[in-house]
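One structure is given here, and the rest of the page talks about it.
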Amino acid sequence: MPRQLAFELGHRTALGREDFLVAPSNEAAVALVDAWPNWPSHGIALSGPSGSGKTHLAEVWRAASGAARIDAGDLATADLPGLIAAHAVIVEDIGTLPDAGERALFHLLNLAKEEGGFLLLTGREAPARLPTRLPDLASRLRALPHAELGAPDDALLAGVLVKLFDDRQLRVAEPLIAYLASRIERSIAVARDVVDALDRASLSGKRPISVPLAAEVLRSMGLALAARSWTGNS
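Taken in order, the sequence shown gives residues 308 to 541; the numbers are from my numbering.
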């Protein structure tokens, strides 16, 4: 039977505070972000694996604070006074900070304190574990309040799967959620990939999203999922 092409129509990812699922693996990070503007410092840091919710929490804070956003790799050439003019800045993925950007991050931390602004740093590793070359920056990063987001437990993974399907306006049965949650790696990034693959398979094959289809999709993704787990990129 000919298979329908799965056109890339896109979908809306819900990133509001009400869409963030709180669980023991992330509640410390949620509490720290929610405490703004009464943070214990002018900067905080969130760390955790890809898909653990760092960007979602950062977006929640940006909606509340009007924060500017910049990738750490772009700091070296950024207009730092212009950034801090927003009085709130998100610096994403500080693990990718190049040597040339270390002095810029140190300067931005100082500007936040001087101007009464706030910084939120995200990364896979806690800032205290980053191999920074600038001693003053290393000291400042170690002093930042920090919260780590862990891998989701079974209940959170099931909730994330429901949310990912809802984001695509797909309604699926509870047995499918239970089936997926008990078989895929405990990673929100993997959950996102699986939901995307199921959506595409359903469209291309004109089949409902069901446990049998999920079984086929997981078998077809087996090597990809194993590779992601092996390389530590989940």
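From the three backbone atoms N, C-alpha and C, an ideal C-beta is built for every residue, glycine too.
{"query": "Going by CA-CA distance only, name the one from Arg376, Ser348, Thr362 and Asn345 that's closest to Glu455.", "result": "Thr362"}
{"query": "Is DSSP giving Ile516 helix, strand or coil here?", "result": "coil"}
{"query": "Confirm, please, whether the CB-CB distance from Ala374 to Val396 is below 7 Å.", "result": "yes"}
{"query": "Quick one: any contact between the region 345 to 365 and the region 502 to 510, if contact means 3 or more CB pairs under 8 Å?", "result": "no"}
{"query": "Kindly indicate which residue of Arg449, Phe472, Val467 and Pro438 has the alpha-carbon position closest to the one of Val329.", "result": "Val467"}
{"query": "Using CA coordinates, which residue listed in Arg493, His394, Leu483 and Val497 is at the minimum distance from Ala371?", "result": "His394"}
{"query": "Buried or exposed for Asp304, please, with buried defined as at least 16 other CB atoms from any protein chain shown within 10 angstroms of its CB.", "result": "With the chain covering only 308 through 541, there is no way to say anything about residue 304."}
{"query": "Between Gly512, Glu492, His349 and Ser357, which has its C-alpha nearest Ala419's C-alpha?", "result": "His349"}
{"query": "With three or more beta-carbon pairs closer than 8 Å as the criterion, would you say the region 437 to 453 touches the region 402 to 410?", "result": "yes"}
{"query": "Bridge partners of His453, per DSSP?", "result": "Ala352"}
{"query": "For the putative contact between Gly457 and Ser332, defined by C-beta atoms under 8 Å, what is the C-beta separation to the nearest angstrom?", "result": "4 Å"}
{"query": "Closest to Pro344 by C-alpha separation, out of Arg514, Leu444, Val524 and Leu426, would be which residue?", "result": "Leu426"}
{"query": "Buried or exposed: Thr384, going by 16 or more other Cβ atoms within 10 Å of its Cβ?", "result": "exposed"}
{"query": "With DSSP run on the structure shown, which of helix, strand or coil describes Phe314?", "result": "Any reading at Phe314 must be qualified, since the residue scores a pLDDT of 32, below 50, and its modelled position is unreliable; the value itself is stated next. The answer is coil: DSSP assigns Phe314 none of H, G, I, E or B."}
{"query": "Can you give me the Cβ contacts of His414 inside the same chain, cut-off strictly under 7 Å, excluding the 5 residues immediately before and after it?", "result": "Leu387"}
{"query": "Counting C-beta neighbours from all protein chains within 10 Å, is the total for Arg526 16 or more, i.e. buried, or is it exposed?", "result": "exposed"}
{"query": "Of all the CB atoms in chain B, is at least one closer than 7 Å to the CB of Pro388?", "result": "The structure shown contains no chain B; it holds only a single protein chain."}
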